[in-house]
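Reviewing the structure listed below.
In the UniProt record's numbering, the protein residues as written are 1 to 779.
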């Protein structure tokens with residue numbers, strides 16, 4: 001008999017979203033389908049790639065986050081774009097892997113499944129990086145995220161009841177997967193050769209190897225043996241945030257008192273705006289011993305539970321629920337403000353729905369990827385730091401109590417203002433969700449100097465405000481819609497600052513309870529910033545300050561062309577990093593497992609220059625492309641081929657003679673405890689001419705303003721020269737400097753270093769490609 005062809009369904013026929021973060025999770029999900037459907041086209045603005053299919057009686061869409069882009073915001077973006085094409089989606093399942101939190105109450109093992117379950121005080125998911133770290137060292141919630149849909153919760157209860165009498169179908173579903181997909185059998189099924197090792201929380205991983213062969217087995221936690229190898233299903237709280245937890249002590253500290261069962265990085269971005277249940281397979285214990293050996297099997301167990309759960313949900317009940325794209329009742333919007341000038345006051349404030357505007361138009365407003373920049377910075381924030389700022393009475397009075405509209409955080413270069421700004425943005429976004437108010441932000445120092453000007457910043461603020469209106473299905477003032485079409489439509493004209501200012505002011509009053517956070521205002525020069533400063537002054541402390549919006553600025557104590565912020569914004573409240581860094585310094589001092597440390601060098605009488613310092617906020621310093629110098633100590637008889645400057649020599653604490661030299665390095669990757677770095681070598685001024693040196697592993701590095709130089713007899717290097725932008729005008733690099741991609745060193749964050757510069761924007765793409773090819777990493 002001929003196979004019955006799969007009918008071509010329409011976008012509105014799909015009711016269930018199955019969302020994954022990793023390719024292995026998507027593979028496990030696809031393997032659980034009872035049938036696969038032909039792909040459907042997507043609308044403009046939906047950049048997702050879908051796998052469509054059937055699970056039981058449900059039409060399901062499987063979607064995965066973009067490769068290498070993880071975190072709560074990325075998950076929210078994927079879900080938001082999905083609703084543009086598939087307006088029939090009723091709920092979602094966030095299915096994938098996570099780091100488990102074993103405890104006396106929950107004997108969590110690798111391969112087990114954790115399902116989010118609401119409690120009296122929580123919807124089942126807690127945002128751990130938005131919580132408040134209190135003096136006891138545990139995590140206190142500062143808000144509640146939405147519960148999963150009732151339909152899913154009743155299905156969970158039914159499945160729990162079924163598992164009391166009969167075992168879960170997960171093992172059978174995985175066995176069926178292995179039979180139908182032989183290539184997945186080895187990694188996606190249970191293998192007794194994989195070790196399930198739980199070490200004491202305070203015991204850190206030993207050595208660079210991913211396995212624990214070098215770790216002390218006497219530090220393992222003793223656990224009672226289980227009957228059989230089937231995964232156990234646990235129900236409770238899941239912690240979600242933008243920071244990876246890879247430390248046992250931090251894991252237990254954050255989970256203490258709340259009963260958190262696992263940590264992951266996506267769910268918090270979904271549950272407040274996208275009705276969903278979170279299902280996680282446990283692939284590690286969120287400590288320094290974590291590796292990838294259990295990931296595929298954990299992804300399969302989570303996918304198996306998701307399929308089993310859908311069998312408990314009736315498709316007819318799903319169809320009867322309200323879909324996520326149902327438009328709200330259209331209400332005319334009228335705004336007025338005594339602060340508006342005559343021309344603004346006379347504007348017509350009837351609204352256009354965003355569907356009347358070209359979808360591609362919104363992508364033309366700004367090239368600044370504000371959420372991507374924010375994710376990168378938030379990911380580098382050290383857990384526990386900057387809490388002093390979030391607890392500061394002035395910050396609370398500004399954000400929560402709205403006692404004043406203007407707040408300024410000041411501090412010296414390198415005092416951690418940008419990390420504080422990232423935490424403040426997270427806190428504001430979290431606090432304002434319940435009021436449906438937006439947080440709009442910009443990191444000035446993260447942009448190229450030749451692009452950083454008032455118009456560039458204002459374009460991003462406009463784009464973020466428009467994005468908020470689109471997400472909320474709210475309309476635009478007619479004048480704004482006209483201007484957007486004129487400046488960013490198909491037949492657009494390039495707007496100047498005054499054009500953008502008019503658009504921004506109307507949006508400013510149209511969305512009157514917005515939080516604006518601007519980091520690094522002092523990065524702008526006077527010509528770039530004057531008009532922008534005057535606009536902010538008018539809106540927040542001049543005749544235009546009738547709105548309830550608030551602004552928080554981060555900068556050094558003086559702005560270009562002004563004697564100080566207080567004269568720029570009269571009456572502004574100030575928080576100084578200089579007076580409040582002690583808690584963060586203590587946290588950073590307590591970091592462990594260092595591979596390069598000052599005390600291990602043991603050289604007496606070595607008087608380091610004042611510019612060699614331990615970085616207070618390593619997340620800001622040790623970024624990809626950073627060029628720095630470090631004092632390296634070695635035995636007197638060792639060959640110093642990577643060293644350019646002799647410093648001093650002396651006896652170590654062990655009585656051996658050592659010598660200190662300056663090594664110049666480039667950060668290739670930042671980890672939780674250390675940075676992976678490549679050395680810059682001169683080979684005694686001979687370049688790569690010496691026998692045994694592979695030219696293919698090297699590239700010329702040169703300082704901006706100089707010319708890449710190769711010796712007459714030096715072999716041709718296939719890698720193109722890389723330009724370095726100096727941190728100071730007097731920084732130099734030897735003309736024979738070569739970056740060695742064949743060696744990698746780890747530099748711990750308590751090492752004393754001196755900034756030299758950064759791989760320039762023009763060379764950064766090449767640098768990332770070379771590094772990725774050598775180490776098979778996403779750089």
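Positions of the beta carbon are idealized from the N, C-alpha and C atoms, including for glycine.
On the DSSP bridge list, what partners appear for residue i?
i, result
"residue 312", "BP columns for residue 312 are empty, so no partner."
"residue 263", "99, 239"
"residue 703", "724"
"residue 548", "DSSP lists no partner for residue 548."
"residue 516", "440, 551"
"residue 231", "BP columns for residue 231 are empty, so no partner."
"residue 245", "Partner(s): none; residue 245 has no beta bridge."
"residue 60", "16, 53"
"residue 284", "99"
"residue 192", "None; residue 192 has no bridge partner."
Give me the Cα-Cα distance between residue i and residue j, rounded to the nearest whole angstrom.
i, j, result
"residue 541", "residue 509", "15 Å"
"residue 734", "residue 718", "20 Å"
"residue 572", "residue 516", "14 Å"
"residue 439", "residue 626", "30 Å"
"residue 132", "residue 465", "Residue placement at residue 132 is poorly supported in this model, since its pLDDT is 45, which falls under 50; the coordinates are not used for a value here."
"residue 699", "residue 728", "23 Å"
"residue 304", "residue 682", "56 Å"
"residue 110", "residue 743", "34 Å"
"residue 409", "residue 93", "40 Å"
"residue 482", "residue 488", "10 Å"
"residue 774", "residue 714", "22 Å"
"residue 100", "residue 263", "7 Å"
"residue 25", "residue 705", "48 Å"
"residue 425", "residue 522", "19 Å"
"residue 634", "residue 520", "Any reading at residue 634 needs caution, since the residue's pLDDT is 47, under 50, leaving its predicted position unreliable; the model's value is listed next. Answer to the nearest angstrom: the Cα atoms are 40 Å apart."
"residue 288", "residue 19", "27 Å"
"residue 216", "residue 52", "47 Å"
"residue 461", "residue 362", "12 Å"
"residue 148", "residue 277", "5 Å"
Check each candidate in the options and name the one with the smallest Cα separation from residue i.
i, options, result
"residue 38", "14, 22, 569, 57", "14"
"residue 293", "432, 242, 97, 83", "97"
"residue 56", "46, 774, 47, 35", "35"
"residue 30", "282, 307, 212", "307"
"residue 690", "50, 665, 736", "736"
"residue 146", "275, 755, 203, 662", "275"
"residue 10", "40, 195, 473", "40"
"residue 126", "281, 442, 255", "255"
"residue 387", "531, 423, 570", "423"
"residue 241", "75, 297, 290", "75"
"residue 381", "361, 59, 391, 420", "420"
"residue 286", "199, 225, 363", "199"
"residue 758", "708, 750, 702, 710", "702"
"residue 122", "206, 612, 238", "238"
"residue 375", "418, 23, 210, 391", "418"
"residue 301", "280, 313, 288", "280"
"residue 282", "231, 270, 258, 18", "231"
"residue 77", "467, 436, 623", "467"
"residue 175", "764, 189, 162", "189"
"residue 228", "83, 215, 171", "171"
Could you have a look at residue i and say whether DSSP puts it in helix, strand or coil?
i, result
"residue 54", "strand"
"residue 208", "coil"
"residue 14", "coil"
"residue 676", "strand"
"residue 501", "helix"
"residue 613", "strand"
"residue 398", "helix"
"residue 480", "helix"
"residue 490", "coil"
"residue 864", "With the chain covering only 1 through 779, there is no way to say anything about residue 864."
"residue 670", "strand"
"residue 151", "helix"
"residue 379", "helix"
Would you check whether the ligand NAD has a heavy atom nearer than 7 Å to the C-beta of residue i?
i, result
"residue 379", "Summarising the ligand content, the structure contains no ligands, and the ligand NAD is consequently not present."
Strictly under 8 Å for the Cβ-Cβ distance: is residue i near chain D by that measure?
i, result
"residue 436", "In the structure shown, chain D does not exist; there is a single protein chain."
Item checked: beta strand (DSSP E) segments (min. 3 residues) lying fully within the stretch 88 to 131 -> 91 to 100, 113 to 116, 125 to 127
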